[in-house]
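Below: the structure, in structure tokens.
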Amino acid sequence: MRPPTLFLDVRLDPVGGGLATSVIVYLATFNQDSTLACYQTVPISQLQTAIQGRHVLIGTHGFKNSRWDGIDHLSNWATLLRLSDPAVFIGLLWPGDSIWAHGLDYPDEPKVANDSGVLIGPFLDQIFAGAASISFASHSLGARVVLATISHMSRRVRRAILMAGAIDNNCFNTEFEDQTGQIDKISILASTKDDVLELAFPLGNLLGGIIAEGHPWFRTALGRSGPAKVAPDNFLQPFLIPSNWNYGHGNYLQIDPTVPITPIDPIVPPEGTGEPAAGNTGWQEAFSAAFVSSRFV
Numbered sequence: 003m004r005p006p007t008l009f010l011d012v013r014l015d016p017v018g019g020g021l022a023t024s025v026i027v028y029l030a031t032f033n034q035d036s037t038l039a040c041y042q043t044v045p046i047s048q049l050q051t052a053i054q055g056r057h058v059l060i061g062t063h064g065f066k067n068s069r070w071d072g073i074d075h076l077s078n079w080a081t082l083l084r085l086s087d088p089a090v091f092i093g094l095l096w097p098g099d100s101i102w103a104h105g106l107d108y109p110d111e112p113k114v115a116n117d118s119g120v121l122i123g124p125f126l127d128q129i130f131a132g133a134a135s136i137s138f139a140s141h142s143l144g145a146r147v148v149l150a151t152i153s154h155m156s157r158r159v160r161r162a163i164l165m166a167g168a169i170d171n172n173c174f175n176t177e178f179e180d181q182t183g184q185i186d187k188i189s190i191l192a193s194t195k196d197d198v199l200e201l202a203f204p205l206g207n208l209l210g211g212i213i214a215e216g217h218p219w220f221r222t223a224l225g226r227s228g229p230a231k232v233a234p235d236n237f238l239q240p241f242l243i244p245s246n247w248n249y250g251h252g253n254y255l256q257i258d259p260t261v262p263i264t265p266i267d268p269i270v271p272p273e274g275t276g277e278p279a280a281g282n283t284g285w286q287e288a289f290s291a292a293f294v295s296s297r298f299v
């Protein structure tokens, strides 16, 4: 059974739809079989009590996720995290499925992510004043939501951990260069076997006017190969998952009925290292949760 989880929600509708005009706080509760029992609004004061004096990790999903998908994947993944007290996980839901077009996320989809950050950043500055610190973990296009949010915050961010980032691999040197200095430590988790970022991301860029690799506007995704240029001084290595693990875009937050009982090593090993808990289901999401837990310290 999953424990109750607080969510910051900026969606207008459960599926598709646009961006809300304010951040609403919800509490998700679950049945014994981990299905959603209730998703109801709660006072901001309840959120403030939950985060008071604690290190907060805000986790968000990527594109092509309905509200219910986001709740399901994030609440399940949160149970695999190993965060030491005083720490608390808060989910963040945004309308990443509002204009989804089969992976062609450029140039329209990032606008939704950017606009989400405009809304969320000031909310965190105001409402999370009592938290000991604020950190972020994201999947896919959620990386843009996180960086856009930080760009609209005045408060420093303790950790930013971007998994499978569906954002240009030069983002730390161009669009979000100023934000890198606002974060104490930056981590990413990437895989060259990420089929979505290998195919859909460059194709989306192509439709945005980018012609071919070698063109000065061509960019691959951060979550496939890592930073394009010299990484920021606060960037932590290593980050690239061994290619022989065949770690795909959906593996980071996937849901399996069981996960390995033995704790997964959170360290990204050298190329050619065998899979963790090979042959067992659930090791992929257990690994991503272990990685984030270790980088959150």
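Each residue of the sequence shown is one higher than the last, beginning at 3 in my numbering.
We treat Cβ as the ideally placed atom computed from N, Cα and C, and that holds for glycine.
Since this is a predicted model, take the numbers as computed values, not measurements.
For Leu-149, there is no enclosing beta strand (DSSP E); the residue is found in the alpha helix (DSSP H) stretching over 144-153.
Per DSSP, reduced to three states, the secondary structure at Gly-225 is helical.
Note: Met-3 is not bridge-paired with any residue in the DSSP secondary-structure output.
In this chain, the beta strand (DSSP E) harbouring Gln-42 covers 38-43.
Between Val-147 and Ser-118, the CB-CB gap stays under 8 Å.
An exposed status is given to Ala-280, since fewer than 16 other beta-carbon atoms sit within 10 Å of its beta-carbon. Per DSSP, Asp-186 is not a residue of any alpha helix (DSSP H); the beta strand (DSSP E) it occupies stretches across 185-193. Contact annotation: Leu-94 and Thr-62 have beta-carbon atoms nearer than 8 Å.
Relative to the Cα of Ala-115, the nearest Cα in the group Leu-21, Gly-55, Leu-29, Ile-269 belongs to Leu-21. Considered as a whole, the stretch 67-127 harbours 69-80 as its complete alpha helix (DSSP H) runs of no fewer than 4 residues, in chain order. Contact annotation, Ile-46 with Ile-129: C-beta distance approximately 6 Å; criterion of less than 8 Å satisfied. According to the DSSP secondary-structure assignment, Gly-61 is paired through a beta bridge with Gly-93, Ala-139. Counting along the chain, no alpha helix (DSSP H) covers Arg-157, and no H or E run does either. Exposed is the label assigned to Pro-88, since fewer than 16 other Cβ atoms lie within 10 Å of its Cβ. Checking the DSSP bridge columns, you'll see Phe-178 has no partner listed. The beta carbon of Gly-250 lies closer than 8 Å to those of Ser-193, Lys-195, Asp-196, Asp-197, Val-198 in the same chain, with the five residues before and after it left out. Close CB contacts of Ser-296 within its chain, under the 6 Å cut and outside five residues either way in sequence, are with Pro-268 (chain order). In terms of Cβ geometry, Ala-133 and Arg-56 form a close pair [threshold 8 Å]. Taking all protein chains shown into account, Cys-40 has fewer than 16 neighbouring C-beta atoms within 10 Å of its C-beta and is therefore exposed.
Partner residues in a beta bridge of Ala-168, as assigned by DSSP, do not exist. Secondary structure note for Ser-290: it is in no beta strand (DSSP E), and the uninterrupted alpha helix (DSSP H) holding it is 285-298.
The three-state reading of DSSP puts Ile-26 in strand, counting E and B together. Distance from Leu-238 to Ile-169 at the Cβ level is roughly 18 Å; contact not present, criterion being Cβ atoms closer than 8 Å. In this structure, Pro-229 keeps its C-beta atom at 8 Å or more from the C-beta atom of Phe-293.
Assignment of Asp-11 by DSSP, reduced to helix, strand and coil, places it in the strand class. Fewer than three pairs of CB atoms, one per stretch, sit closer than 8 Å, so the stretch 70-85 makes no contact with the stretch 148-155.
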